[in-house]
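Notes follow once the structure below has been shown.
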Amino acid sequence: MPPTVHVRELTAEELTDAWTLGRFAFGSDPQPSPHATVAVPGMTRYGAFDDTGRLVGKAVDLHHHQWWSGRPVSAADVGGVAVAPEARGRGVAGALLSTLLRGAHDRSAAISALFPTVTAPYRACGWEATGVMRTVDMPAVALPRHRPAPHLTVRAGGPDDMPAVTALYERVARDRRGLLTRRGELFDHFAATDPLPFDGLTLVEHDGDLVGYAGWNRGRGYGADAVLTVEDVFATSADAARELVGVLASWHSVTPTLRLCLLDGDAVAAHLPLEAARDHERELWMHRPVDVTRAVRERGWPAHVRGHVDFALDDGLAEWNTGTWRLEVADGAAQLTRVSTEPALRLSVRGFALLYTGAATARSVADAGLLSCATGTDPHALDLLAAGGPAHLLDYF
Ligand SMILES: CC(C)(COP(=O)(O)OP(=O)(O)OC[C@H]1O[C@@H](n2cnc3c(N)ncnc32)[C@H](O)[C@@H]1OP(=O)(O)O)[C@@H](O)C(=O)NCCC(=O)NCCS
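First residue of the sequence shown: 19, per our numbering; consecutive thereafter.
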């Protein structure tokens, strides 16, 4: 018989043991970061204990919000899942994720994302692989040079500029799907201890208003292997994007490689030589609804999309999601209501995740065995749930 696992929130006294579990799992620095062993607002840290009271696993619920087509959606993003080597393969991760999901539901979270090192334990709990965060390397010399535009001001920024930087990020991120709002208790906490989260900040202004910025970390050296890591680069006009790209190009003599995370189709990407980008890192991410009614109600929907579809949903871990639903989308909003019909479409929670994030069409979800259709039924009606286009993540957690 598998041993019993007890999952509960960790106390402050248990955080050092939890950090040690994480260090063994992820090979992190031998000294904990200042946040690792003290209570931090905006996160719930769970521990799994065996019958003797020994800590055998941990997982963290990060109280994020994600932008979904103009509206912030409450998220229970998951990080730091680790199980002691001797306790692996006995259901500890499953027990942790199940309790985390219930806790997330109790605190009114709508959706959840995580970056897995292995998909199986998360798939077993209803998360599905729905996107990849790509970090690319680009030769700085390939970037177009630019003669500074006389109507724009380029200057170095500091901590006082962070509110304007945050507002510009929000302007770019809010109409996307999945990007973190970077607001809330957790972000306030980190901002208080680290008021400028980059080595350097390059600002582009027009008539005193911020129209673009790049936040970068310099790295070491100036030889052939030197890298400038551009943590953020966003612009709200083509001119500002050209200006930023021009400044990044100027690094070519000392940092031949620029490392950055691209946001498909944004103003900056439109001015980069994308053919010269080489993948540096690919981080798979997974998604799951915590509460399907909130997930549908809290987000924005494309204003031009209108329709309804009935479907049954199976969620083995979150029984509040299981049942028969009608999805109605109109005028930029949507809702799910329970219905008593016998629908011809039966969706698994992983299939729901694929559609909600725009990662797949209903036909491919059906082909994957995550949507079953009564004979003669066209699955396309459920493409309504995928309206809005694919989701992205730009922050690793
Ligand atoms: C990955 C890890 C958290 C899984 O924990 P665990 O307690 O062993 O997982 P569980 O026993 O609850 O397994 C849950 C399911 O995932 C499967 N699974 C677990 N680890 C797996 C692995 N490494 N490869 C394939 N399947 C795996 C199990 O077979 C089980 O499937 P089932 O429900 O169909 O039987 C654990 O192995 C670990 O801590 N690894 C090192 C750190 C790490 O990779 N953390 C994840 C960060 S995202």
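The beta carbon of each residue, even a glycine, is placed where N, CA and C say it ideally should be.
Small disclaimer: the values here were computed from a predicted structure and weren't measured.
- Taking a cut-off of 8 Å on C-beta distances, the region 120-140 does not touch the region 152-163, as fewer than three cross pairs fall below it.
- Taking C-beta atoms as the reference points, P397 and A128 fail to come closer than 9 Å.
- If you look at Y187, you'll find it in the alpha helix (DSSP H) that goes M180 to A191.
- Approximately 5 Å separates the beta-carbon atoms of A348 and R324; this is inside 8 Å, confirming the contact.
- Per DSSP, reduced to three states, the secondary structure at V56 is coil, with no helix or strand assignment.
- Residue pairing for F329: DSSP places it in a beta bridge opposite W343.
- Within 8 Å of the C-beta of F44 there is at least one heavy atom belonging to ligand 1.
- Between the alpha carbons of T211 and V383 lies a gap of roughly 44 Å.
- Relative to ligand 1, L118 has its C-beta separated by 8 Å or more from all heavy atoms.
- A distance below 7 Å between beta-carbons, with the five flanking residues on each side excluded, links T55 to the following residues of its chain, in chain order: L33, T34 and W37.
- Taking the C-beta atoms as reference points, V251 is found nearer than 9 Å to G230.
- Every residue with a CB closer than 5 Å to a heavy atom of ligand 1 is listed here in chain order: A43, V99, A100, V101, R106, G107, G109, V110, A111, G112, P134, T135, V136, A138, P139 and A142.
- For the beta strand (DSSP E) assignment, the uninterrupted runs of no fewer than 3 residues enclosed by the region 271-300 are, from N- to C-terminal side, 275-279.
- In the displayed model, V23 falls within coil according to three-state DSSP, outside both helix and strand.
- In terms of Cα proximity to V101, the closest of L73, R189, P408 and N339 is L73.
- C391 is bridged by DSSP to L363.
- About 5 Å separates the beta carbon of P90 from that of T199, a gap short enough to meet the 8 Å contact definition.
- Taking the Cβ atoms as the reference, G109 lies roughly 19 Å from V78, outside the contact range of under 8 Å.
- DSSP places S130 in the strand class (E or B) of the three-state scheme.
- Residue burial annotation: F42 is exposed, with fewer than 16 other C-beta atoms found within 10 angstroms of its C-beta.
- For the pair V96 and L132, the CB atoms are nearer than the 9 Å cut-off.
- The Cβ atoms of R195 and W303 lie no closer than 9 Å to each other.
- Burial is judged here by how many other beta carbons sit within 10 angstroms of a residue's own beta carbon; T247 has at least 16 and is buried.
- Considering only R26, A57 and E146, the residue with the shortest C-alpha distance to S116 is R26.
- Shown here for P177: same chain residues with a beta carbon closer than 8 Å to its own, the five before and five after excluded, namely P213 and L214 in chain order.
- The residue among F208, Y187 and A232 with its C-alpha nearest the C-alpha of L219 is A232.
- A residue is called buried when at least 16 other Cβ atoms come within 10 angstroms of its Cβ; W338 does not meet this threshold and is exposed.
- Scanning T275, H298 and Y140 for the CA closest to the CA of L335 turns up Y140.
- Bridge partners of E223 according to DSSP: T171 and L228.
- E146 sits buried, since 16 or more C-beta atoms from the chains shown fall within 10 Å of its C-beta.
- Using a Cβ distance threshold of 9 Å, R125 and T62 count as a contacting pair.
- When the five nearest sequence neighbours on each side are left out, the beta carbons in the same chain lying within less than 7 Å of the beta carbon of G112 are those of P139, A142 and C143, in order along the chain.
- A direct Cα-Cα distance of roughly 13 Å separates P103 from D68.
- Counting only the Cα atoms, G88 lies some 5 Å from R192.
- Shown here, Y374 sits in a helix according to DSSP, grouped into three states.
- In this structure, A258 places its C-beta atom within 9 Å of the C-beta atom of L170.
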